[in-house]
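Asks: Residue 117 in my numbering is what sits at position 122 of the sequence shown, and the numbering runs on without skipping anything.
For glycine and all other residues, C-beta sits at the position ideal for the given N, C-alpha and C.
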Amino acid sequence: MSTTIEHLPVEIWFQTFVYLKASDRFEAFSNLNKRLDDILLASQTKISLKSHDNEAYYLLRHVLPKLTHRQYVTGLRLERTNKIDLEYYAGLFDFPQIDTLILHRLDVNKELLNIIRNSLTHLRYLNISTKMSINYKMNSVLLQLVLTLPHLQMCSMRLTIATHSCQLSNELQSPMRSLKLLDKKNICFVGQLRNILSHLPNLHSLNITAKQLSLDSVVDKQNIDSYRTEISSLTLYICEFAMPFVQLTEFLSNFAPNLTEFKLTIISSFPDTSCLDYHTWTVFIKSLSKLKTVTLHVTHANDVQERTWKKCRVKLIDLMRENLIQSEIRSAV
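#1: Hey, Asp89 and Ser114: beta-carbon distance below 8 Å or not?
#2: Is it buried or exposed for Lys175, if we count other Cβ within 10 angstroms and need 16 for buried?
#3: Ordered along the chain, which non-local residues of its own chain (more than five positions away) have a Cβ less than 7 Å from that of Leu188?
#4: Check the C-beta distance from Leu208 over to Met171 and give it rounded, since I have them as a contact under 8 Å.
#5: In three-state DSSP terms, what is Arg153?
#6: Between which residues of its own chain and Arg325 is the CB-CB distance below 7 Å, once the five residues before and five after are set aside?
#7: Give the secondary structure of Leu55 by DSSP, where H, G and I count as helix, E and B as strand, and everything else as coil.
#8: Please classify Arg100: does DSSP put it in a helix, a strand, or coil?
#9: Quick one: any contact between the region 44 to 56 and the region -1 to 13, if contact means 3 or more CB pairs under 8 Å?
#10: Drop a sphere of 10 angstroms on the beta-carbon of Leu201, count the other beta-carbons inside from all chains shown, and report buried for 16 or more, exposed for fewer.
#11: Just verifying my parser: in three-state terms, what is the DSSP assignment at Asn197?
#12: Can the beta-carbon of Asn253 be found closer than 8 Å to that of Ser227?
#13: At 3 residues or longer, and completely inside the region 116 to 149: list those beta strand (DSSP E) runs for me, N to C.
#14: Using only the alpha-carbon positions, how far apart do Glu225 and Ser248 sit?
#15: For Lys41, collect the residues of the same chain with a Cβ closer than 6 Å to its Cβ; drop the 5 residues on either side in sequence, then sort them by chain order.
#16: Does the distance from the C-beta atom of Lys206 to that of Glu235 stay below 8 Å?
#17: Just verifying my parser: in three-state terms, what is the DSSP assignment at Pro266?
#18: Measure the alpha-carbon distance for Val141 versus Asn77 and round it to whole angstroms.
#19: Between the C-alpha atoms of Lys97 and Lys306, what's the straight-line distance to the nearest angstrom?
#20: Leaving out five residues on either side along the sequence, give the residues of the same chain with a beta carbon under 6 Å from the beta carbon of Ile123.
#21: Between the alpha carbons of Leu118 and Asp313, how many angstroms are there, rounded?
#22: Would you tell me roughly how many angstroms separate the C-alpha atoms of Phe334 and Pro196, rounded to the nearest one?
#23: Would you kindly work out how many angstroms separate the C-alpha atoms of Glu166 and Thr255, rounded to a whole number?
#24: How about Ser169 and His199: are their beta carbons less than 8 Å apart?
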């Protein structure tokens, strides 16, 4: 029995379309027959718009208006869309099942916030690039909007957005379980994180990348208990470690008493070897009864630290093993 190309299984068409731009797909295969038209529209599950990309305007003018399977669209990426009239095209962003949104290199304005508020209420994964432009007022609106998304599970955003000093309603309770705060150029003042963490009762994982980590505001308040969270996974990526390690461990014992996984990366040389101190780690481990995994990556600047590191590393690995903790401890020059 003879078979024409139009009779190929849907799965093969989907795999083929992955290698083609949307404009190439629709120019080559649209209007051949109804079956191919349906397959074309159903294959458009991820949408990426860039203001300096002709592909974006082709999607806006020729593809999105024709989409009949909007429930199949699950991902949206907006990059440098400042020159696109989002208010004019707002009606095209009504995707009932979209769960992933990536915002990159664009200005946060009211049109963008309205799209998120009105059309993307099923979001589960939100990535707000560190290369976003946002003013003080919009920062407050964006932060509140993120906390109101009813299905959000994972969010990545610039550190300064989360630590923004704005008044948030006590009634805001986000279902978010994973939060990444990224900014290698700014200091993370832990005291300023309480503003957002108090609205994340289900938070399981916290990942912080910062130039430095500062606990000054926490110590000054002398109310460490008010910073307590239920997170079980904590990742710290610190460019400049400028505090006694014991100060950090004492804080973490109160901040995250249910910690099961702890990762610490220090990418620049530190003033002393306190983060290798055997006694400090012993006290820290004993204070966290649920701790199961420890990852410690540090750099060292000279031969003296290298010799010290080798001695301490062996002791720390033995300590972890004795306490049934899986560990990865390594350094780099």
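Replies: Here's the rundown:
#1: Counting from one through the sequence shown, the residue named residue 89 turns up at place 94. Counting from one through the sequence shown, the residue named residue 114 turns up at place 119. Yes, the pair counts as a contact, with Cβ atoms nearer than the cut-off.
#2: Taking the first residue of the sequence shown as position 1, residue 175 is located at position 180. With 16 or more Cβ atoms within 10 Å of its Cβ, Lys175 is classed as buried.
#3: As a first step, residue 188 is located in the sequence shown; it is residue number 193 there, counting from the start. These residues qualify, in order along the chain: Ala157 and Thr158.
#4: For this step, residue 208 is matched to residue 213 along the sequence shown. For this step, residue 171 is matched to residue 176 along the sequence shown. With a Cβ gap of about 22 Å, Leu208 and Met171 do not count as contacting.
#5: As a first step, residue 153 must be located in the sequence shown, where it is residue number 158. Strand at Arg153.
#6: Locating residue 325 in the sequence shown gives position 330, where the first residue counts as 1. In its chain, beyond the 5 residues on either side, His292 have a beta carbon closer than 7 Å to the beta carbon of Arg325.
#7: The count along the sequence shown starts at 1 and reaches residue 55 at position 60. Reduced to three states, the DSSP call for Leu55 is helix.
#8: If you number the sequence shown from 1, residue 100 lands on position 105. Note: Arg100 maps to coil in three-state DSSP.
#9: no
#10: Within the sequence shown, numbered from 1, the residue matching residue 201 stands at position 206. So Leu201 ends up on the buried side.
#11: By 1-based counting over the sequence shown, the position of residue 197 is 202. Residue state, collapsed to three classes: coil.
#12: If you number the sequence shown from 1, residue 253 lands on position 258. If you number the sequence shown from 1, residue 227 lands on position 232. In this structure, Ser227 lies closer than 8 Å to Asn253 by Cβ.
#13: 120 to 123
#14: Translated into positions along the sequence shown, residue 225 becomes position 230. Translated into positions along the sequence shown, residue 248 becomes position 253. Taking the straight line joining both Cα atoms gives about 12 Å.
#15: For the purposes of this step, residue 41 is taken as the residue at position 46 of the sequence shown. So the list reads Gly70, once near-sequence residues are dropped.
#16: To locate residue 206, count along the sequence shown from 1; it is residue 211. To locate residue 235, count along the sequence shown from 1; it is residue 240. Yes, the Cβ-Cβ distance between Lys206 and Glu235 is below 8 Å.
#17: Counting from 1 along the sequence shown, the entry for residue 266 is found at position 271. Caution applies to Pro266, whose pLDDT of 49 falls short of 50 and renders its modelled position unreliable; the model cannot decide the point.
#18: As a position in the sequence shown, residue 141 is number 146, starting the count at 1. As a position in the sequence shown, residue 77 is number 82, starting the count at 1. The alpha-carbon atoms of Val141 and Asn77 are separated by roughly 21 Å.
#19: As a working mapping, residue 97 is identified with position 102 in the sequence shown. As a working mapping, residue 306 is identified with position 311 in the sequence shown. Per the sequence shown, the amino acid found at residue 97 is Ile instead of Lys. Cα to Cα, the separation comes out at about 45 Å.
#20: Counted from its first residue, the sequence shown places residue 123 at position 128. Cβ within range, chain order: Leu98 and Met152.
#21: The residue you call residue 118 lines up with position 123 of the sequence shown. The residue you call residue 313 lines up with position 318 of the sequence shown. So the two alpha carbons sit approximately 44 Å from each other.
#22: The requested residue 334 is not part of the displayed model; the chain covers only -4 to 328.
#23: Counting from one through the sequence shown, the residue named residue 166 turns up at place 171. Counting from one through the sequence shown, the residue named residue 255 turns up at place 260. About 29 Å.
#24: Start at 1 with the first residue of the sequence shown, and residue 169 comes out as number 174. Start at 1 with the first residue of the sequence shown, and residue 199 comes out as number 204. Taking 8 Å as the cut-off, the Cβ atoms of Ser169 and His199 do not count as close.
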